[in-house]
Amino acid sequence: MQTKVVSSNLGVVNPESIDDYIARGGYEALRRVVGQIPPGETIERLKASGLIGRGGAAFPTGIKRELAIQAEIVQPWPAPPSVPEPYRRSSCFVICNADESETGTFKDRLLMEGDPFRVIEGMTITAFVTCSTNGFVYLRGEYPIAYERLSRAMDVARSRGWLGPRILRDDGSTLLTTSFDFDIEIRRGAGAYICGEETALFESIEGKRGEPRVKPPFPTDAGLFNRPTVINNVETFANIPFIALNGADEYRRYGTAKSPGTRMVCVSGQVQRPGAYEIEMGTPLRHVIFDLAGGLREGRTLQTVLIGGAAGVFLRPDEIDVPLAFESLNAIGATLGSGAIIVMDDTADLNGVLVRIARFFKDESCGKCFPCQIGTQRQFEIVKDLRGFRNLEGLLRDLGATMRDASLCGLGQTASSAILSALDKQLV
0 MQTKVVSSNL GVVNPESIDD YIARGGYEAL RRVVGQIPPG ETIERLKASG
50 LIGRGGAAFP TGIKRELAIQ AEIVQPWPAP PSVPEPYRRS SCFVICNADE
100 SETGTFKDRL LMEGDPFRVI EGMTITAFVT CSTNGFVYLR GEYPIAYERL
150 SRAMDVARSR GWLGPRILRD DGSTLLTTSF DFDIEIRRGA GAYICGEETA
200 LFESIEGKRG EPRVKPPFPT DAGLFNRPTV INNVETFANI PFIALNGADE
250 YRRYGTAKSP GTRMVCVSGQ VQRPGAYEIE MGTPLRHVIF DLAGGLREGR
300 TLQTVLIGGA AGVFLRPDEI DVPLAFESLN AIGATLGSGA IIVMDDTADL
350 NGVLVRIARF FKDESCGKCF PCQIGTQRQF EIVKDLRGFR NLEGLLRDLG
400 ATMRDASLCG LGQTASSAIL SALDKQLV
């Protein structure tokens, strides 16, 4: 059984109709945040809700906004000349990372295509509480329908006063004494996996080559154009209107004490009903595979499940009763990542899958740091020679440890995760 919070409008509303969205409670959260709830209280609601980023890094959403506000206080004003003229008024930037490129992940595309106004509202609420006037959606270039839906939704929102200059200024219910301005631009990616990494994404928006930066400083201190920046993925922003409107206690009705709320997961591979499902955190993986996704094809048996995408880990058949919650997955050395669940039955060529994973990271390494650039190349060379795979296991583990400890960003740090987990669990 699904528990629909962020996906409650999918297939129900016309995604291009703001009236449909408003009829189902849309923009009521923004109206209350602007007119009735002090910004600090909204942030406290987000903190109390326990909402953790749904993009894979799992950073607390409310704390991220609080840190950005603290950083704004000490920022020079007006912005230095290094910040382009159109953005100098913004003391903070709000960015939606919609560069959904992790293997087996497609939930953000569905949210943007099916309920774009919810994502825009979540960004606008964040902008109000952080005093931001400029936002960006960094959209995967291979999502043309999402681009069209978001663009139209933004145009309609501007025409109705929900986006752009003087948001809700003439509404009558607002407590604002000055105008609230916030607008969003869409920047389309060009297919580079690395640009899903937040600092490489900043570089791309700034017109530079998409390469990660050294951290610290972190984005909340110095992100886009070296200004405080709040960056989250699509699903995270889609959760914000619900929490802002209904409060933390209502959100915590779902999930577990340590992993509250719901989560959209993407089930693909050799199941009968592949697709995106919204579940409560803590739902057993077995329920997702065999009940929601319909289980395996008749006569087939489960070989393994890759959870978290290419940067995730493999699970054995005897591990699929694990609850899909941060604490439970961490206990077995796994992570849900961006929500990908790839199911493989006994007909799957797991060795071939490992070769493709190794090739993927080799091809997608940006080359900025040597541990990743050289490590992913050597890893591919070892894995593709399946005859020598086990003989060079020690070297493969050394490579994995070096990339994990010395790579500049998450791409190199997780490039060996799936391959080493397959070795650890004797799946190959």
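For the sequence shown, the residue numbers in numbering that gives the first Met the number 0 are 0 to 427. Glycine included, each C-beta is placed from N, C-alpha and C at the ideal position.
Going straight from the alpha carbon of residue i to that of residue j, what length do you get?
i, j, result
"Gln269", "Ser416", "22 Å"
"Phe369", "Leu200", "20 Å"
"Val266", "Glu147", "26 Å"
"Asp428", "Arg117", "Here the chain has residues from 0 to 427 only, and residue 428 is not among them."
"Gly191", "Met111", "For clarity, residue 191 is Ala in the given sequence; the question names Gly instead. Using only the alpha carbons, I get a separation of about 20 Å."
"Ile124", "Asn238", "11 Å"
"Thr41", "Lys63", "13 Å"
"Asp248", "Ala339", "28 Å"
"Val287", "Val4", "17 Å"
"Thr177", "Pro164", "With a pLDDT of 44 at Thr177, under the threshold of 50, the predicted position of this residue should be treated as unreliable, though the coordinate-derived value follows. Thr177 and Pro164: Cα-Cα distance of roughly 11 Å."
"Lys424", "Ile36", "51 Å"
"Ile51", "Arg252", "15 Å"
"Ile356", "Ile418", "8 Å"
"Gly10", "Phe325", "29 Å"
"Ala243", "Val32", "7 Å"
"Arg396", "Asp154", "51 Å"
"Thr463", "Arg296", "The structure shown does not extend to residue 463, since the chain is modelled only from 0 through 427, so no value can be given for it."
"Leu174", "Asp18", "Model confidence at Leu174 stands at a pLDDT of 45, short of 50, so the residue's coordinates are unreliable; what they give is reported in the following sentence. Spanning the two alpha carbons is a distance of roughly 24 Å."
Can you tell me whether residue i is helix, strand or coil according to DSSP?
i, result
"Ile319", "coil"
"Pro227", "coil"
"Val93", "strand"
"Asn245", "helix"
"Tyr86", "helix"
"Thr104", "coil"
"Asp154", "helix"
"Tyr250", "helix"
"Ala221", "coil"
"Ile17", "helix"
"Glu277", "strand"
"Gly411", "helix"
"Arg64", "helix"
"Ile72", "helix"
"Gly163", "strand"
"Ser172", "Confidence is the limiting factor: at Ser172 the pLDDT is only 48, short of 50, which leaves the residue's position unreliable and the question unanswerable from this model."
"Thr261", "strand"
Could you tell me which residues DSSP pairs with residue i in its beta bridges?
i, result
"Val312", "Ile306"
"Ala180", "Per the sequence shown, residue 180 should be read as Asp rather than Ala. In DSSP, Asp180 forms no bridge with anything."
"Arg186", "Tyr137"
"Ile356", "Ile356 is not bridged to any residue."
"Ser267", "Ile341"
"Leu9", "Answer is none; Leu9 lacks a bridge partner."
"Pro283", "Pro322"
"Ile51", "Pro59"
"Leu301", "Asp344"
Write down the C-beta distance between residue i and residue j rounded to the nearest angstrom, noting that I regard them as a contact closer than 8 Å.
i, j, result
"Leu309", "Phe359", "Before going on, a small fix: residue 309 reads as Ala here, not Leu. The pair is a contact, with the Cβ atoms about 6 Å apart (cut-off 8 Å)."
"Asp114", "Asn8", "4 Å"
"Cys371", "Gly409", "Cys371 to Gly409, Cβ: 10 Å. No contact."
"Asp220", "Ala70", "5 Å"
"Val213", "Leu66", "With a Cβ gap of about 18 Å, Val213 and Leu66 do not count as contacting."
"Glu197", "Pro215", "In fact, because the Cβ distance is near 13 Å, the residues do not count as touching under 8 Å."
"Cys365", "Ile193", "4 Å"
"Met263", "Thr303", "Rounded, the Cβ-Cβ distance is 22 Å, inconsistent with contact."
"Phe236", "Tyr250", "Their Cβ separation, rounded to whole angstroms, is 15 Å, which puts Phe236 and Tyr250 out of contact at 8 Å."
"Phe135", "Ile166", "The pair is not a contact, with the Cβ atoms about 17 Å apart (cut-off 8 Å)."
For residue i and chain D, any beta-carbon pair shorter than 8 Å?
i, result
"Phe379", "Protein chain content of the structure displayed is limited to a single chain, and chain D is not contained in it."
Check whether the region 330 to 339 touches the region 50 to 60, counting contact only when three or more Cβ pairs, one atom from each stretch, lie closer than 8 Å.
yes
Inter-stretch contact (C-beta, 8 Å, three-pair minimum) for the region 209 to 228 and the region 15 to 24
no
Mind the definition here: the region 310 to 321 touches the region 78 to 90 only if three or more C-beta pairs lie below 8 Å; say whether that holds.
The region 310 to 321 is not in contact with the region 78 to 90.
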